[in-house]
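What follows is a set of notes on a single structure, which appears directly below.
Residue numbers (UniProt numbering): 1 to 360.
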């Protein structure tokens, strides 16, 4: 079976919609009082029915025969709208003001650019001056460091003292101490114990008596005798005297002792690796390695010294600066004095007690 085809549809005239409302600009104006007031609408119903439709130029017909009259100020509003000439005039004024502002900003930027250029030139000049001053200060610091080391060397050379550590405190007088030192030094020099050794002075270190025994500081009259005693002490591994282990040291300046104390991390690393070292004068250290002796005297030689001994670079962070040591007090801090008010109060109370009458 074949499905029957529909008959062709021919378009007819457009249908008119009875409720269609023509376009109106009424909704863009103020609300109609007639639409909001039902009483007014009922009173004017007869007039609307009897009125005849006007021409499209005068009024606009809406739905259900409603007619809308344009407000009287519509033409005034349309006339008050800005024209092309008005817009051009206002735009020209705005452009003129903007150009004036831009010119002012451009002048300010040019002035700032000139000032920045002057600042850059002066900054470059100051950098050169600062670099020159830094170089001069570094040179002066090195010179002062060398002078301080020379002063340290002169002080060490002027000290003809030997420091004896570990000697028992069995003496009862300075003569007994001098006799014990003579016996000790003669044993080191393999001489007769009764051989006379000339002393300028000898005494114990100035600290409270008690264990361990206080160090003995002795000054020999003959410098050669002192050097022979120190050489013999360095040649012997251990010194035993009066059933006690005794050590001999040179009496050095406080700056030298402080510098050696600051090198303790380096000396500890050398002792851990079983590397022999000795102190140099005016100040330095020399290490005996497989490739020969390696000396260290200044801070500039420290990186190469650590690299030659295969030690980490942080073994010794900083070389001792003698200028900083002299600027700081090397001795113990000063003790604060007690206030005198307490002493006055004690004296006043004692005087008052003495003057108080007794009740017999």
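Idealized CB from N, CA, C, for every residue including glycine. Because the structure is a prediction, the values reported are computed rather than measured.
For residue 293, there is no enclosing alpha helix (DSSP H); the enclosing beta strand (DSSP E) covers residues 292-296. Where residue 249 is concerned, the enclosing beta strand (DSSP E) starts and stops at 244-250.
For residue 240, the beta-bridge partners assigned by DSSP are 245. Between the alpha carbons of residue 101 and residue 73 lies a distance of about 41 Å.
Bounds of the beta strand (DSSP E) holding residue 288 are 284-289. For the 8 Å CB-CB criterion, residue 208 and residue 169 do not form a contact. Rounded to whole angstroms, the separation of the alpha carbons of residue 238 and residue 245 is 7 Å. In the DSSP assignment, residue 204 falls within the unbroken beta strand (DSSP E) covering 199-204.
Proximity of the region 169-182 to the region 252-261 falls short of the contact definition, fewer than three beta-carbon pairs being nearer than 8 Å. Distances from the CA of residue 291 to each of 310, 114, 174 and 322 were compared; the closest alpha carbon is that of 310. Taking the CA atoms as reference points, residue 241 sits about 7 Å from residue 184.
Comparing alpha-carbon positions, the option among 188, 159, 288 and 112 lying closest to residue 220 turns out to be 159. Under the DSSP assignment, residue 81 falls outside any beta strand (DSSP E); it carries neither an H nor an E label. Counting C-beta pairs with one atom in each stretch, the region 113-126 and the region 274-294 have fewer than three that are closer than 8 Å, which means they do not touch.
For residue 273, there is no enclosing alpha helix (DSSP H), as DSSP gives it neither H nor E. Burial check for residue 323: the Cβ neighbour count within 10 Å stays below 16, so the residue is exposed.
Shortest Cα-Cα distance from residue 215 to any of 107, 225, 243 and 248 involves 248. In the three-state reduction of the DSSP assignment, residue 161 falls in the strand class. Remark: fewer than three beta-carbon pairs, one from each stretch, lie closer than 8 Å, so the region 183-199 and the region 138-147 are not flagged as touching.
Residue burial is scored here from C-beta neighbours: residue 253 has at least 16 other C-beta atoms within 10 angstroms and is therefore classed as buried. Collapsing the DSSP output to three states places residue 220 in a strand. A distance below 8 Å between beta-carbons, with the five flanking residues on each side excluded, links residue 319 to the following residues of its chain, in chain order: 298, 299 and 302. For a cut-off of 8 Å, the C-beta gap from residue 275 to residue 287 is around 5 Å, short enough to register as a contact. Annotated three-state conformation of residue 262 is helix, per DSSP.
Taken atom to atom, the span from the alpha-carbon of residue 295 to that of residue 325 is near 23 Å.
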